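So the structure is just underneath, and the comments pick up after that.
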Amino acid sequence: MGDVNDINPGDIESIEILKDASSTAIYGSRGANGVVLVTTKSGKSGKVQVDYNMTISADVANSITDWASAGEMLDRIRTAEINGGTYKLGTTVLTEPNLEADISKFGHGDAASIAALQKAYEGGTYDSSKIPTTDWIGMMTRTGITQNHQLSISAGNEKSKLFTSLGYYNAKGVQLNQGFYRYTARINGEIKVTNWLNVGTSISASYSEQEYGTMNYSGSATGARDLYGRALSQYLIAKPYDEDGNLVDYPGGNASAPVWNPYIDIDNTSDNTRRVNLQANAFAEITFTPWLKYRFNLGTNYNNVKEGSWVGSQSTINRKGNPAYSSASNESQDRKNWLIENILFFNKEVGIHSFGATLVQSAQKSMYENLSASANKILYDSSKWWNLASNLNGKPSSYGSGFSENSLMSYMGRVNYGLMNRYLVTASLRYDGASVLATGNKWDYFPSVALAWKMQEEKFIKSIQWIDELKLRLGYGVTGNSAVSAYTTSGPLSQYNYVYGTTPAIGMIPKDMANKKLGWEKTRQINIGLDFAVLNRRLSGTLEWYQSNTFDLLMDRSIPGITGFSNVLDNIGEMKNSGIELSLSSVNIDKRDFTWRTDLNISHNKEEIVSLVNGKQDMPSNGWFIGQPLSVYRYYIVDGLWQNTPEDLAEIAEWKKNGYNFAPGQYKPKEVNKNYKLEDDDKQIVGNRSPKVVIGLTNTFNYKNWELSFFLYGRLGQKYYYNIDPNASGDYVVYGRKASLNDFWSEENPNAKYPKLTSASNVSDANVNRSANVHNGSFVSVRNISLGYTFKDKLLSKYSIRSLNVFAQVINPFLFGGEVVKAGINPEDTNNLNSFNSVGDLQGATNNNTMMTTSFVFGLRLGF
1 MGDVNDINPG DIESIEILKD ASSTAIYGSR GANGVVLVTT KSGKSGKVQV DYNMTISADV
61 ANSITDWASA GEMLDRIRTA EINGGTYKLG TTVLTEPNLE ADISKFGHGD AASIAALQKA
121 YEGGTYDSSK IPTTDWIGMM TRTGITQNHQ LSISAGNEKS KLFTSLGYYN AKGVQLNQGF
181 YRYTARINGE IKVTNWLNVG TSISASYSEQ EYGTMNYSGS ATGARDLYGR ALSQYLIAKP
241 YDEDGNLVDY PGGNASAPVW NPYIDIDNTS DNTRRVNLQA NAFAEITFTP WLKYRFNLGT
301 NYNNVKEGSW VGSQSTINRK GNPAYSSASN ESQDRKNWLI ENILFFNKEV GIHSFGATLV
361 QSAQKSMYEN LSASANKILY DSSKWWNLAS NLNGKPSSYG SGFSENSLMS YMGRVNYGLM
421 NRYLVTASLR YDGASVLATG NKWDYFPSVA LAWKMQEEKF IKSIQWIDEL KLRLGYGVTG
481 NSAVSAYTTS GPLSQYNYVY GTTPAIGMIP KDMANKKLGW EKTRQINIGL DFAVLNRRLS
541 GTLEWYQSNT FDLLMDRSIP GITGFSNVLD NIGEMKNSGI ELSLSSVNID KRDFTWRTDL
601 NISHNKEEIV SLVNGKQDMP SNGWFIGQPL SVYRYYIVDG LWQNTPEDLA EIAEWKKNGY
661 NFAPGQYKPK EVNKNYKLED DDKQIVGNRS PKVVIGLTNT FNYKNWELSF FLYGRLGQKY
721 YYNIDPNASG DYVVYGRKAS LNDFWSEENP NAKYPKLTSA SNVSDANVNR SANVHNGSFV
781 SVRNISLGYT FKDKLLSKYS IRSLNVFAQV INPFLFGGEV VKAGINPEDT NNLNSFNSVG
841 DLQGATNNNT MMTTSFVFGL RLGF
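Per full-length UniProt numbering, residue 1 is the first one in the sequence shown, and the count goes up by one each step.
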């Protein structure tokens, strides 16, 4: 047991993903979201083997868009000001670029900005290409160096096997002030004590430390993306330092709309996480007869996380204090888990019949506790979060602690039957109990059944020589989900202070409404699959159809405010997912010295809301609609741009009667009722963020001792909400800061893609813009290109070397896609692209969208 993130990748022997109904149902609630089986390496019989694996990479920021220059950006803003009638010199409205007006409008008294503006007018003719552009993104990034080393020893004989390894990983982040390193150690052993008793153990330990980097300048949150986000927000003509080499608080001098200098916090803030993980698993296996054996498994895991954050006295948030002090917080978290399993296996063949049975009893318990404290006005920056009492108050300003535990008990029985190794049947029944659920609903049953037919064993198939394998599968299973916080069903308490008479008193009130009937969320899944191999296995693959219905969803249900609560966690609603998956492997060329192999995976999934809190009623405030996926965009529809024609001007006049101030060049709404009002009926679903197709393609070429491979990955058909359209309301423009976005409406360009640039605030309607901001998020990424060479055994044997392989890789070299990708947005940054705001609309990408990186890797695999 444990977290896969704590396993050194070099220790992994194999990874198996179980998704079909019968396989996942065996694992009960632990298989609710599929099952990933990770098998670590074990010792091998024979000579002692020593292996050393190493990779070192250079990681660079990968800008996939053509960012606009400072001159291009200022031209857009000035055009917006001219169109809006706000570009002035004194009281005189101007229609052409003017140095004095630019200095007044964009200079803000900042010497560097004024000097940059003056360059555009040198020689008496305005030329925006002369304006220097400050590369803020380049300043906040660097070439990251990542190295990974692993040394392992494997040995074994008929009686015992041993595998041990040590690992070291170190990554200096591409973003300044970020880094991560990790040490790992593992020992796996197995001993055959007698001919009927086998015992074994697997013990691993890891220590890691991660520096997330600059704190959010507001001090309200930490985040790995903030420094990059602040670089995107900077004024392109501003400089981080003044003429005397001092850091400028507000580059560009615009104190009314400040964007802090990101350099200030690089050395004055820190967000650090240190993690220790210890994991131990042991087993004992008794073989009673060749067809009956018993296995006892014991697993335990301990995880300690220490998180420290520090905002120094010279940081953006604290430096204005008089005097300036630092602030910090420290938290320690402990997680302990143990798992016990008793398993009885029965396998017997009688003639053409094969019988199998498995009985399992398991118990698992998890415990969590934390202790946290924070302080302000800390006297010394050097103490960071280590001495929170060294502040003006003499004690932490806040502190807290917590504890929770939960357990899971399970009983499972499974039977297998095979006839002539041709017709196969598997059935299982699991009985799980979760402590976090309500009394009376803690336990539930999870059945499964699977049928398989090896068609290639039939006479009418055997006669078809080009068919090597043909297997038809049918599966049905139910899994459960009990992922709720401990004590949810008992109504946890929180502190509430009040006045009793004239005396202040401390009281306790329920934090959440308890649901005494909360039970399992269940998923019923059925799948039909076909496994095949033809042409002497030159072509093989799997075709699978599935449908899963998740019901009794764990969701918040709104309740009357008179109860003192706004909602309660309940079992409500139903979701349906259905789809098809295809996996193909082909040997395209197979010659003596040259082979070419292709592996293709392609899948389609359709998500649908079947019912919600109120049955078949939609919940627009949450963006949930019956018959639609969870993540849809429903907005007013844009029907092109208003034009300066008699017909459009007449319509604009009708809209104006109802308070809508549209103008030529702005987005034109499409309405259903033709009453010149934007109403809920006018909104339509314009897309969702779930891809229609997910694809993966690997091609591998082998020529003698050389191997070349490349891997492509794509998600097609999803939409993302992002304001790519230019927002020219101020100097600090982030949206639209792309050179390719230049097709704006004007009298001379009426068929433009984007609306008229304007600084006027009394035109258009913000809601109309929404559907225009839902963009194509499809992409295809070249994930990996690898070239390797394996040295010949004859050459290596002279130096007592068993194997030697050297290789080079380029990771994430290319990314192709729609508007979202072209706008410089990472389409896989789901933390930003999939977030919700307070009104339930999908918020889409933000300035904090993570940067994309490309890595150039050199590796070595050496075996003795």
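Just so it is clear, CB atoms sit at the ideal spot from N, CA and C, and this is done for glycine as well.
All values derive from a computational prediction rather than experimental measurement.
Residue i, DSSP secondary structure in three states
i: Gly189; result: strand
i: Thr300; result: strand
i: Ala357; result: strand
i: Glu651; result: helix
i: Ala427; result: strand
i: Ser603; result: strand
i: Glu341; result: strand
i: Thr598; result: strand
i: Ile103; result: helix
i: Ser797; result: helix
i: Val248; result: coil
i: Asn83; result: helix
i: Pro669; result: strand
i: Arg78; result: helix
i: Trp260; result: coil
i: Asn834; result: With a pLDDT of only 45 at Asn834, under the threshold of 50, the placement of this residue in the model should not be trusted, and no figure is reported.
i: Leu553; result: coil
i: Lys674; result: coil
Cα-Cα separation, residue i to residue j
i: Ile695; j: Asn601; result: 6 Å
i: residue 865; j: Trp260; result: The shown model of the chain, from 1 to 864, leaves out residue 865, and the question about it has no answer.
i: Thr141; j: Val174; result: 5 Å
i: Thr133; j: Ile237; result: 6 Å
i: Ser354; j: Val415; result: 11 Å
i: Met139; j: Trp596; result: 44 Å
i: residue 865; j: Asn170; result: Coverage of the chain is limited to positions 1 through 864, which leaves residue 865 absent and any answer about it impossible.
i: Leu451; j: Tyr417; result: 10 Å
i: Met513; j: Thr439; result: 16 Å
i: Asp75; j: Ala68; result: 11 Å
i: Arg335; j: Ala284; result: 26 Å
i: Val60; j: Tyr228; result: 14 Å
i: residue 902; j: Tyr660; result: The question about residue 902 has no answer here: the residues shown for the chain are numbered 1 through 864.
i: Val613; j: Arg557; result: 6 Å
i: Phe701; j: Arg592; result: 13 Å
i: Val305; j: Tyr183; result: 15 Å
i: Ser485; j: Asp11; result: 33 Å
i: Phe346; j: Arg186; result: 32 Å
i: Ala280; j: Arg770; result: 53 Å
i: Ser362; j: Asp432; result: 9 Å
i: Ala101; j: Gln210; result: 48 Å
Residue i classed as buried or exposed, judged by whether at least 16 other C-beta atoms fall within 10 angstroms
i: Asn527; result: buried
i: Gly475; result: buried
i: Ser401; result: exposed
i: Ser309; result: buried
i: Asn391; result: buried
i: Lys756; result: buried
Rounded distance between the beta-carbons of residue j and residue i, thought under 8 Å
i: Ser165; j: Leu176; result: Not quite, the Cβ-Cβ distance comes to about 33 Å (not below 8 Å), so this is no contact.
i: Phe163; j: Asn188; result: 4 Å
i: Val38; j: Ile153; result: Contact flag wrong, Cβ pair sits at about 21 Å.
i: residue 879; j: Leu388; result: Outside the displayed span of the chain (1 to 864) sits residue 879, for which this structure offers no information.
i: Leu712; j: Val780; result: 6 Å
i: Phe856; j: Ser57; result: 6 Å
i: Ile609; j: Met575; result: 6 Å
i: Phe816; j: Leu804; result: Their Cβ separation, rounded to whole angstroms, is 36 Å, which puts Phe816 and Leu804 out of contact at 8 Å.
i: Thr55; j: Asn157; result: At roughly 32 Å, the Cβ-Cβ gap does not stay under 8 Å, so Thr55 and Asn157 are not in contact.
i: Lys516; j: Pro492; result: Wrong, their Cβ atoms sit about 14 Å apart, outside the cutoff.
i: Ser160; j: Ile191; result: 5 Å
beta-carbon residue i near the ligand GDP non-hydrogen atom, thresh 7 Å
i: Lys792; result: No copy of the ligand GDP appears in this structure; indeed no ligand is present at all.
Take every Cβ of the stretch 371-384, pair it with every Cβ of the stretch 406-418, and state whether three or more of those distances are shorter than 8 Å. Fewer than three Cβ pairs drawn from the stretch 371-384 and the stretch 406-418 lie within less than 8 Å of each other, which leaves the two stretches out of contact.
Inter-stretch contact (C-beta, 8 Å, three-pair minimum) for the stretch 476-491 and the stretch 431-448: The stretch 476-491 makes contact with the stretch 431-448; the number of CB pairs closer than 8 Å reaches 3 or more.
Can we say the stretch 817-825 touches the stretch 784-798, given the rule of at least three CB pairs closer than 8 Å? Contact fails: fewer than three Cβ-Cβ distances are below 8 Å.
Would you call the stretch 636-645 and the stretch 664-671 touching, i.e. three or more CB-CB distances under 8 Å? A contact exists between the stretch 636-645 and the stretch 664-671.
Would you check if the stretch 524-540 and the stretch 554-569 touch, i.e. whether three or more CB-CB distances between them fall below 8 Å? No: the two stretches stay apart, fewer than three of their Cβ pairs being nearer than 8 Å.
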